[in-house]
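Each residue of the sequence shown is one higher than the last, beginning at 1 in the UniProt record's numbering.
Each residue gets a CB set at the ideal place from its N, CA and C atoms; glycine is no exception.
Please read these numbers as outputs of a predicted model, since none were measured by experiment.
Accompanying notes for the structure given below.
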Amino acid sequence: MSTPPDDRPVYRLLTGKDDRAFCERVSEALGQGWRLYGSPTLAWDTAENCMKAAQAVVWRDAE
């Protein structure tokens, strides 16, 4: 089994403001060999008055 780059864990939860930058981070992870794990989650952040997103990814060889 190959290991994730930069000594990262096999499982990651990407979070951030639901915008283009967040989508680019998820796309970059997919391009590096991560795969989506489950559905994305959205929640309204009242403190920052914006929508926040979260997407779990796992390394390509993870079971």
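Go to residue i, then tell me how far its beta strand (DSSP E) extends in each direction, as first and last residue.
{"i": "Arg-35", "result": "34-36"}
{"i": "Thr-46", "result": "No beta strand (DSSP E) holds Thr-46; DSSP gives it neither H nor E."}
Given residue i, which residues of its chain have a CB within under 7 angstroms of its CB, disregarding the five upstream and five downstream residues?
{"i": "Val-10", "result": "Pro-4, Val-58, Trp-59, Ala-62"}
What is the rounded straight-line gap between the Cα of residue i and the Cα of residue j?
{"i": "Gly-16", "j": "Ser-2", "result": "28 angstroms"}
{"i": "Ala-29", "j": "Gln-55", "result": "11 angstroms"}
{"i": "Asn-49", "j": "Ser-39", "result": "23 angstroms"}
{"i": "Gly-31", "j": "Arg-20", "result": "16 angstroms"}
{"i": "Arg-35", "j": "Arg-12", "result": "10 angstroms"}
Looking at the ligand NAD, does it come within less than 6 angstroms of residue i, judged from the CB to the closest heavy atom?
{"i": "Gly-38", "result": "The ligand content of the structure shown is nil, which means the ligand NAD is not present either."}
Got a sec? Which residues, its chain only, sit under 8 angstroms from residue i by beta carbon, not counting five neighbours each side?
{"i": "Glu-25", "result": "Note that residue 25 corresponds to Arg in the displayed sequence, not to Glu. Correct list, in chain order: Leu-14, Gly-16."}
Per DSSP, which residues does residue i bridge with? Please list them.
{"i": "Thr-41", "result": "Ala-54"}
{"i": "Arg-12", "result": "Val-57"}
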